[in-house]
C-alpha cells in the first residue's frame with residue numbers, strides 16, 4: 327500500500343505555564359492510501375491534539391512541536407504557511423465534533439460547501455461549482471439537496487449539519503479526511519448513519535480517513551487499523567480485530583471492558 | 064424566506080415609525096432638490112421675521128428669507144454631511160477594528176491605545192481642532208467629523224470580531240485554507256452586520272447632532288448657505304420675538320434624530 331502520510335516522533339508541548347506540559351509524546355502514524363485508521367483513548371489522551379497537528383491547526387506560539395509530519399514531500403510542521411494553506415481543505419480536510427456550531431450561521435449552506443473550491447480551484451465556473459456542491463450534498467445523503475443548498479444552518483438538524491460538514495470537507499476530493507469525534511454530539515441512530523456515510527465515501531472516493539473517537543464499537547465497525555492512546559502516548563496499535571480480540575495492554579483491556587453491553591438474559 | 068424576513072421587519076413598530084419619519088424628511092429633501100417655494104438665499108427687506116402663514120409656511124427669518132425653503136436646503140446639507148461622516152467613520156473604523164481584533168498582538172495594542180487617546184477627546188473638540196487647522200468648509204467638516212467617529216466604530220467592530228474569531232465555524236473555515244483577508248471580510252464581518260447596522264444608525268444621530276453643533280459654533284457651512292445647525296445659531300437671538308424661526312429647524316433636527324433612533328432600535332430588535 328502506498329503511504330501518503332508519515333508521522334514520526336511527534337511531540338507536542340504546551341508552554342503556557344512555567345513548566346511545559348507534554349500533550350503528545352512519540353506519536354507515530356503511517357497512513358496508507360484508502361485506509362481508515364482509528365485513534366481511541368479517553369479525554370485528554372492527546373488524540374485530538376495529534377490530529378490538529380496533522381491538520382496544521384496548532385500554530386499558537388505557546389506550543390512547541392517537534393518531529394516530522396510528511397505529506398507529499400513536505401513536512402507540515404516546518405513548511406511555510408502558504409504551502410500549508412494550499413493543502414488545508416483541498417488535500418487534508420477535517421470535520422469536528424460540534425456540527426451545531428461549526429457552520430457559519432449567516433451564510434447559506436451552498437456557499438459554505440463551495441468555499442474550499444472557491445479558494446483552491448478558482449478556475450471552476452460558478453454554475454459548475456454549484457452543480458458539484460449539489461452532487462456532493464446528494465452524495466452525503468441529503469436528498470433534497472436543491473433546497474438545502476439555499477438553506478441556512480439553523481434550518482437543519484444536527485445530523486444534517488454533520489452531513490453538510492462532511493460535504494464541505496469532501497468537495498475538494500481530499501486525500502486525507504480527519505474526523506475528530508464526528509459522532510459525539512449526535513444520537514445513536516444518526517451516529518450509525520454517519521459511520522456508514524464515511525465508509526461509503528472511503529470506498530467510492532478512496533479517501534484515507536483518520537477517525538478519532540472514544541466509542542470503541544464505532545471504531546471497530548469502521549477502522550481497519552487502530553491506535554490506542556493514553557496520556558499522550560501510544561500504548562497499543564495494530565489491526566482492529568487483533569487489538570480488540572487480544573488486547574495486550576491493560577489500558578486497552580479496560581477500555582474494552584468499559585463498553586456497555588446489554589444483557590437481556592439476566 | 065428572504066421576503067418573510069422583510070415583511071417581519073416592516074411589521075416592527077420601531078421600523079415603521081422610524082421609516083415614516085425618515086420618509087417624510089427624505090421626501091422633503093428630494094423635493095427640495097428640484098423645487099423650493101423660494102430661493103433659500105433670497106432676501107426680502109419687507110418680509111422680515113414673519114410668523115407662520117400660507118405665504119411662508121414656516122415664516123421668514125431676520126433677513127426675510129423663507130424658513131421652509133432654508134429648512135429644505137439645510138436638511139439636505141445636514142444629511143449629506145451626516146452620511147459622509149458615517150461613510151468615513153464606519154468605513155475606516157470597521158477596517159481598523161476588524162484588523163486589530165483579528166490579528167491581535169502588538170498591532171492591536173498599539174492601535175487601540177491610539178484609538179483610546181482619540182476617544183479621550185470629545186468628538187466636537189477634535190473636529191474643532193481639525194477645522195481650525197484645515198480651514199472652514201464642508202469637506203473639512205466631513206473629514207474631521209469622520210475621523211472623530213472612527214474610534215467608536217473601531218471599538219464596536221473590534222469587540223465583535225474578538226467574539227466571532229474564536230467560534231468553531233471560523234476555526235473550521237481556517238482549516239479549509241481561507242486566507243486572513245477573506246476570513247475577515249467574508250466569514251467574520253457578515254456575522255456582525257446586525258450590530259454594525261444599528262450602530263451606524265445611532266452614529267447617524269450623533270453625526271446630525273455634531274454637524275448641528277459645529278455649524279452652531281460657526282465652523283460648519285458658511286452663510287448665506289443654510290444647514291440646520293447654522294439656522295439654529297442664527298435664530299437664537301430671535302427666540303422670543305419670533306419662536307417659529309428657531310422651532311422649525313429645531314423640530315426637523317429632532318425628527319431626523321428620532322427617525323434614525325427608531326430605525327436603529329428596530330434593526331437591533333429584528334431577528
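Residue numbers (our numbering), protein chains in the order written: chain A, 327 to 592; chain B, 64 to 334. Using N, Cα and C, we set each Cβ at its ideal position, and we do this for glycine too. Source: prediction; values computed, not measured.
Cβ pair residue i, residue j closer than 7 Å
i                      : j                      : result
residue 504 of chain A : residue 381 of chain A : yes
residue 208 of chain B : residue 260 of chain B : no
residue 182 of chain B : residue 214 of chain B : yes
residue 264 of chain B : residue 216 of chain B : no
residue 364 of chain A : residue 555 of chain A : no
residue 491 of chain A : residue 425 of chain A : yes
residue 502 of chain A : residue 546 of chain A : no
residue 81 of chain B  : residue 325 of chain B : yes
residue 419 of chain A : residue 346 of chain A : no
residue 270 of chain B : residue 148 of chain B : yes
residue 415 of chain A : residue 442 of chain A : yes
residue 231 of chain B : residue 369 of chain A : no
residue 211 of chain B : residue 186 of chain B : yes
Cα-Cα separation between residue i and residue j, rounded to whole angstroms
i                      : j                      : result
residue 336 of chain A : residue 575 of chain A : 21 Å
residue 328 of chain A : residue 487 of chain A : 33 Å
residue 76 of chain B  : residue 237 of chain B : 40 Å
residue 393 of chain A : residue 459 of chain A : 37 Å
residue 197 of chain B : residue 203 of chain B : 7 Å
residue 115 of chain B : residue 302 of chain B : 15 Å
residue 445 of chain A : residue 553 of chain A : 33 Å
residue 300 of chain B : residue 319 of chain B : 24 Å
residue 353 of chain A : residue 562 of chain A : 11 Å
residue 334 of chain A : residue 233 of chain B : 29 Å
residue 206 of chain B : residue 151 of chain B : 7 Å
Contacting residues, own chain, Cβ-Cβ under 7 Å from residue i (five flanking each side not counted)
i                      : result
residue 374 of chain A : 506, 538
residue 123 of chain B : 110, 111, 112, 113, 129, 130
residue 295 of chain B : 275, 279, 309, 312, 313
Where residue i falls: helix, strand or coil (DSSP)
i                      : result
residue 371 of chain A : coil
residue 399 of chain A : coil
residue 468 of chain A : coil
residue 557 of chain A : coil
residue 131 of chain B : helix
residue 584 of chain A : coil
residue 282 of chain B : coil
residue 423 of chain A : coil
residue 362 of chain A : strand
residue 113 of chain B : coil
residue 384 of chain A : coil
residue 391 of chain A : strand
residue 564 of chain A : strand
residue 302 of chain B : coil
Close beta carbons around residue i, own chain, < 8 Å, minus the five adjacent residues each side
i                      : result
residue 96 of chain B  : 139
residue 516 of chain A : 484, 485, 488, 509
residue 136 of chain B : 95, 99, 103, 288, 289
Any non-hydrogen atom of the ligand COA within 6 Å of residue i CB
i                      : result
residue 365 of chain A : Among the components of this structure there are no ligands whatsoever, and the ligand COA is therefore not found.
Beta-carbon contacts of residue i that lie in its chain and below 6 Å, excluding the five residues immediately before and after
i                      : result
residue 396 of chain A : 332
residue 372 of chain A : 349, 350, 555, 558
residue 224 of chain B : 161, 164, 165, 251
residue 474 of chain A : 435, 463, 468
residue 403 of chain A : 391, 395
Any C-beta of chain E under 7 Å from that of residue i
i                      : result
residue 232 of chain B : Of the chains in the structure shown, none is chain E; the protein chains are A and B.
Which complete alpha helix (DSSP H) runs does the region 180–254 of chain B hold, if anything under 4 residues is left out? 186–197, 201–228, 231–238
Ignoring anything shorter than 3 residues or poking outside the region 479–561 of chain A, list the beta strand (DSSP E) runs there in chain order. As far as the region 479–561 of chain A is concerned, its whole beta strand (DSSP E) runs of at least 3 residues are 502–506, 534–539, 551–556.
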